[in-house]
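Sequential numbering from 279 applies to the sequence shown in the working numbering. Even glycine gets a Cβ: it sits at the ideal position worked out from N, Cα and C. Notes to accompany the following structure.
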Amino acid sequence: MWWKTAAKRVEGSLLPVLTRQSNLSVPAAAASFSSSTTVPIIELREYAVQPGHMEAYMEATIQSASLRTSLSPLRFFSVPETGGQLLVATHAYYYQGGHADRDATRAKMAQNPEWTAYLDTIFPYLDTAQSNIYVEAPLVSQIDGVVGLKSVPLPIDNHPDNSILELRRYQLRLGYDTVPQFLQYYGDGLPSKLAAPGTDPSTSLVTLLYTEVGRLNEVIEIWRHGNGTHAMEQSRVAARSAQEWRTAIAKIADLAIQFTSTIHKPTSFSPLR
């Protein structure tokens, strides 16, 4: 049966398939959750859908949207439009009670027959799946103008039909002090970027995340642009006049070994739209 432990050959490498027993993607199942605190965590799940199956996957997912939001702390659900691999269902969950909260939530979901029926439907459409755990940077609650993922509904409601999410991902070099340095530089420069004259009023920094479990030393900015790519471009131009931000980015460039920017379109049922 497809849900039993198996392996699947993709582009010459073996990729583990999700197991029905654990209901976890491979990175999450393999990770060792050592945190003993109750710091909130954000789980980012990315499901690469097989070409030709995205319509069927989304149809089933939309039909189960109310079930998903009733069982789990969904914060956003989006699909990339450009800037990287396409056909990747991207969804984020905010667990106020940390890993214990996540474990309890997922155990409850695994016992729900409607949810397991949904999984039976969509798993055959998936090519790969991964889960990584992040925490929000302290500056999310310290700097005015940063929304954060704690509250639902999120305090953003402008232009929901035109809005896009911009995911900006930094892979930093290894080292214990690399992420703290990044956060220091970023926090020093961010207020000037947020206040830069000409910034589109529909542009908001939703959150800044860094890895707890998964690819180490990864930092993700999530921006929302209510007026679409026009707002994104206008706000980028405005940021170039923010000298403190330019200084921060110059310092951050020395820490990063890779950077990507991906434009996502939120789904109709995404809390963050």
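Going along the chain, which residues of its own chain have a beta-carbon closer than 7 Å to the beta-carbon of residue i, five neighbours each way excluded?
| i | result |
| --- | --- |
| Gln299 | The predicted model places Gln299 with a pLDDT of 34, which falls under 50 and marks its position as unreliable; any figure quoted below should be read in that light. Excluding sequence neighbours, Gln299 sits near nothing in its chain. |
| Trp393 | Leu345, Leu349 and Met387 |
| Met332 | Leu365 |
| Thr316 | Gly375 and Gly376 |
Distance, Cα to Cα, residue i vs residue j?
| i | j | result |
| --- | --- | --- |
| Phe311 | Leu349 | With a pLDDT of 36 at Phe311, under the threshold of 50, the modelled position of this residue cannot be trusted; read the value that follows with caution. Their Cα atoms are separated by approximately 22 Å. |
| Gly504 | Glu490 | 29 Å |
| Asn390 | Ala407 | 21 Å |
| Gln536 | Ser344 | 37 Å |
| Asn440 | Thr383 | 32 Å |
| Leu322 | Glu522 | 30 Å |
| Pro469 | Glu444 | 19 Å |
| Thr545 | His369 | 10 Å |
| Ala531 | Ile442 | 25 Å |
| Pro229 | Arg551 | As shown, the chain starts at 279 and ends at 551. That puts residue 229 outside it, with no answer to give. |
| Pro358 | Ile541 | 6 Å |
| Ser409 | Ala385 | 16 Å |
| Pro438 | Ile500 | 16 Å |
| Gly465 | Ile421 | 8 Å |
| Gly492 | Ala509 | 32 Å |
Using a Cβ-Cβ cutoff of less than 8 Å, which residues in the same chain neighbour residue i once the five nearest sequence positions on both sides are dropped?
| i | result |
| --- | --- |
| Val327 | Tyr335, Leu365, Val366, Ala367, Tyr403, Leu404 and Asp405 |
| Leu352 | Arg346, His369, Ala370, Tyr371, Ser548 and Pro549 |
Within its chain, find whatever has a CB closer than 6 Å to the CB of residue i; leave out the 5 residues flanking it on each side and keep chain order.
| i | result |
| --- | --- |
| Arg474 | Checking the sequence, you will find Ala at residue 474 rather than Arg. Around Ala474: Ala516, Ala517, Ser519 and Ala520. |
| Gly423 | Leu472 |
| Tyr325 | Ala367, Leu404 and Ala407 |
| Ser513 | Thr477, Asp478 and Thr481 |
| Ser539 | Gly361 and Arg446 |
| Tyr396 | Ser342 |
| Tyr448 | Val497, Ala534 and Phe537 |
| Val484 | Val425, Ile500 and Arg502 |
| Tyr463 | Ala526, Lys529 and Ile530 |
So, are the CB atoms of residue i and residue j less than 8 Å apart?
| i | j | result |
| --- | --- | --- |
| Phe354 | Ser548 | yes |
| Lys543 | Ser342 | no |
| Gly467 | Ala378 | no |
| Gln374 | Pro318 | yes |
| Val413 | Tyr488 | yes |
Evaluate the contact criterion for the segment 422-430 versus the segment 490-497: three or more CB pairs, one atom per stretch, below 8 Å. Three or more Cβ pairs closer than 8 Å define a contact, and the segment 422-430 falls short of that threshold against the segment 490-497.
Examine the Cβ distances between the segment 505-515 and the segment 447-454 and report whether three or more of them are shorter than 8 Å. No, they do not touch.
At 4 residues or longer, and completely inside the segment 431-481: list those alpha helix (DSSP H) runs for me, N to C. Considered as a whole, the segment 431-481 harbours 456-472 as its complete alpha helix (DSSP H) runs of no fewer than 4 residues, in chain order.
Unbroken stretches of the beta strand (DSSP E), 3 residues or longer, contained in the segment 491-538: Unbroken beta strand (DSSP E) runs of no fewer than 3 residues, entirely contained in the segment 491-538, are found at 496-503, following chain order.
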